[in-house]
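Under the numbering used here, the first residue of the sequence shown is numbered 160, with each subsequent residue one higher.
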Amino acid sequence: MKQFQYRLETVLDYKTQVLDNLKTEHAVIIQNVNRKQEEIRGLHRELAGFEQDFDRAKAEGSSIEHYRLFDMCIGRMEEIIDEEKERLKVLRRQEEEKKQQVITAKVDTSKFEKLKEKKLKEYQKAAAKADETFIEEFVSGNALRVRHQHRG
């Protein structure tokens, strides 16, 4: 019997390649989300530093211009944080979309993998049956030859 060949192997290879590419793209987006989260944490730390400096300036007493400067810095930092949070939302949406694409591709790929496994099992059963038949024919053929030799 000839060696097992899966007719859809090229399709399976293509589907696997697509899945691998999507997984890589998903990983990149996750890295971007993590970086953006870390950036926002850093901005919050920076904001907390401004607020502490402002509290210190208030306790020590300072000029109105100094207070206004702190107020402007704190206000601007809050705006920047809000903008970065919006960018983070966009990244999270991209990550969710890519995750769904990965899931869809995984389901698609696994269909072809399961079909391949099924075809391989069928092939193995057929091969075992062919081997069995060959052995039976070989044994019965030998038995006939032996009987013919003893009669003749």
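We put the beta carbon where it would ideally sit given N, CA and C, even for glycine. Predicted model only: the values in this text are computed from it and were never measured.
In three-state DSSP terms, what is residue i?
i, result
"Y173", "helix"
"G220", "coil"
"Y282", "helix"
"R166", "coil"
"K161", "coil"
If the criterion is Cβ atoms closer than 8 angstroms, does the pair residue i and residue j meet it?
i, j, result
"E272", "L171", "yes"
"T268", "L178", "yes"
"F209", "I233", "yes"
"L247", "V192", "yes"
"H185", "K257", "yes"
"Q260", "L181", "yes"
"I262", "I199", "no"
"E245", "L202", "no"
Which same chain residues end up closer than 7 angstroms to residue i when comparing Cβ atoms and leaving out the 5 residues on each side of it in sequence?
i, result
"F163", "L279, Y282"
"R251", "V192"
Taking 8 angstroms as the limit between beta carbons, can you name the residues of its chain near residue i, skipping five residues before and five after?
i, result
"E168", "K275"
"D230", "F213"
"K217", "Y226"
"K316", "Here the chain covers residues 160 to 311 and nothing more, so residue 316 does not appear."
With a threshold of 6 angstroms on Cβ separation, who are the neighbours of residue i within its own chain once the five nearest residues in sequence on each side are excluded?
i, result
"Y226", "none"
"L206", "M236"
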